[in-house]
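**Student:**
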Ligand SMILES: *Cc1c(COP(=O)(O)O)cnc(C)c1O
């Protein structure tokens, strides 16, 4: 049985990408296995340069931005942002759910943090956010656990720092002013181990003196992210994935696919006579992580178990949020969505 994972924690890779990576695990360019590729080898440098060039092309990243290849996951960035950017000032954090709260809690260990809460009356209007005098304003573009997504990136008068771990390369982004974007690659675009940081050069050079050197953005930028060993294998997988994205028509094609897949799923939820209930209001629904509940939450375990028996895994909601969740990342095949929708229809008929 061909299984499909809808896990939020790790996105599927397209079959062609897996085949290419498997071959390279045996041998790459006559250099032996890519699993043992040296980061000081000329071939690795070329590979990393190629990834950067392709990423710049796909996301239209202006030349004033540095692209860093870091380790430690997005969670390490929660601490590295204040260490690198705060310089004794305050930061603003927009609270949209689980991950933004984690980012805020970590940042508040390093400095003063101002919270912009969804309950604030003027939350919907970024112009009204109180960001006066802050070093940066942090947003989580897509709340993986809650299924909440900014429809468009907010524009603010201070540098925006965006956690795009679950939606980088699933939508276009415009970087036309000082900003920082970071994303672990294991969800939408690769495997665990690599975190991309895309940072405007004007934000470098103000790190707290106690910042570990390998976690200092400026120092890593000056060393082409090779101050120490970068996550070589994860960079290799990202390269294969970016070439796949490019062949499929780039970020616009990824965004269209995300829109199409998620619309089909939400339509199925909305047309189920209340059997399935989407957790998020229409305007903020994520195109990558769709959260919902069953009209009778006691059926959730049966839903998950029966889906699993059909080869559909990873449908539990985030442990701290509950409910059910379908994650649709770049590598999710259309057949996975079709199979899931069939199953959901059957389950509803059996229990509705
Ligand atoms: C998964 C996730 C994280 C945490 O990523 P790690 O690589 O486990 O540190 C942070 N932010 C968002 C939005 C996520 O989806």
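Residue numbers (this note's numbering): 1 to 352.
For glycine and all other residues, C-beta sits at the position ideal for the given N, C-alpha and C.
Note that the structure is predicted; figures quoted are calculated from it, not measured.
(1) At a cut of 8 Å, does the segment 177-192 reach the segment 221-239 through at least three beta carbon pairs?
(2) Just to confirm before moving on: does the CB-CB distance between residue 306 and residue 275 stay below 8 Å?
(3) At a threshold of 7 Å, does residue 75 count as lining ligand 1 (C-beta to nearest heavy atom)?
(4) Which word fits residue 49, buried or exposed, when buried means at least 16 other C-beta atoms lie within 10 angstroms of its C-beta?
(5) Name the residue from 207, 310, 304 whose alpha carbon lies nearest to the alpha carbon of residue 317.
(6) How is the beta strand (DSSP E) around residue 200 delimited, first residue to last?
(7) Between which two residues does the beta strand (DSSP E) holding residue 397 run?
(8) On the DSSP bridge list, what partners appear for residue 88?
(9) Between which two residues does the beta strand (DSSP E) holding residue 59 run?
(10) Could you give the DSSP three-state label for residue 316: helix, strand or coil?
(11) With a threshold of 7 Å (Cβ to nearest heavy atom), would residue 53 be considered close to ligand 1?
(12) How about residue 296: is its Cβ closer than 7 Å to a heavy atom in ligand 1?
(13) Between residue 184 and ligand 1, is the CB less than 7 Å from at least one heavy atom?
(14) Given the structure, does residue 163 come close to ligand 1, in the sense that its CB is under 7 Å from one of the ligand's heavy atoms?
(15) Rounded to the nearest angstrom, what separates residue 340 and residue 350 at their Cα positions?
(16) Using beta carbons (cut-off 8 Å, strictly below), is residue 260 in contact with chain D?
(17) Residues in its own chain within less than 7 Å of residue 158 by CB, not counting five upstream and five downstream?
**Tutor:** So, to answer that:
(1) yes
(2) Numbered from its first residue, the chain shown carries residue 306 at position 306. Numbered from its first residue, the chain shown carries residue 275 at position 275. Not a contact, by the Cβ cut-off of 8 Å.
(3) In the chain shown, residue 75 corresponds to position 75, counting from 1. Using a cutoff of 7 Å, the CB of residue 75 counts as near ligand 1, since one of the ligand's heavy atoms is closer than that.
(4) Residue numbering aside, residue 49 sits at position 49 when the chain shown is read from its first letter. Exposed is the call here.
(5) Position 317 of the chain shown holds residue 317. Here the closest residue by C-alpha is 304.
(6) Position 200 of the chain shown holds residue 200. Segment 195-200, the beta strand (DSSP E) holding residue 200.
(7) Within the shown structure, residues of the chain are numbered from 1 to 352, placing residue 397 beyond reach of any answer.
(8) Position 88 of the chain shown, counted from the first residue, corresponds to residue 88. Paired residues: none, contrary to the question.
(9) Reading the chain shown from its first residue, position 59 is the one you call residue 59. Residue 59 -> not in any beta strand (DSSP E); alpha helix (DSSP H) instead, spanning 42-59.
(10) The count along the chain shown starts at 1 and reaches residue 316 at position 316. Three-state result, residue 316: strand.
(11) The count along the chain shown starts at 1 and reaches residue 53 at position 53. No.
(12) By one-based count along the chain shown, residue 296 stands at place 296. No; taking the cut-off as 7 Å, the Cβ of residue 296 has no heavy atom of ligand 1 nearer than that.
(13) Numbered from 1 along the chain shown, position 184 holds the residue referred to as residue 184. Yes, Cβ of residue 184 sits closer than 7 Å to a heavy atom of ligand 1.
(14) Numbered from 1 along the chain shown, position 163 holds the residue referred to as residue 163. Indeed, a heavy atom of ligand 1 lies less than 7 Å from the Cβ.
(15) Residue mapping note: residue 340 aligns to position 340 of the chain shown, counting from 1. Residue mapping note: residue 350 aligns to position 350 of the chain shown, counting from 1. Looking at the two C-alpha atoms, the distance is approximately 15 Å.
(16) The structure shown has no chain D; it contains just one protein chain.
(17) Here residue 158 is taken as the residue at index 158 of the chain shown, counted from 1. The residues are 131, 134, 136, 137.
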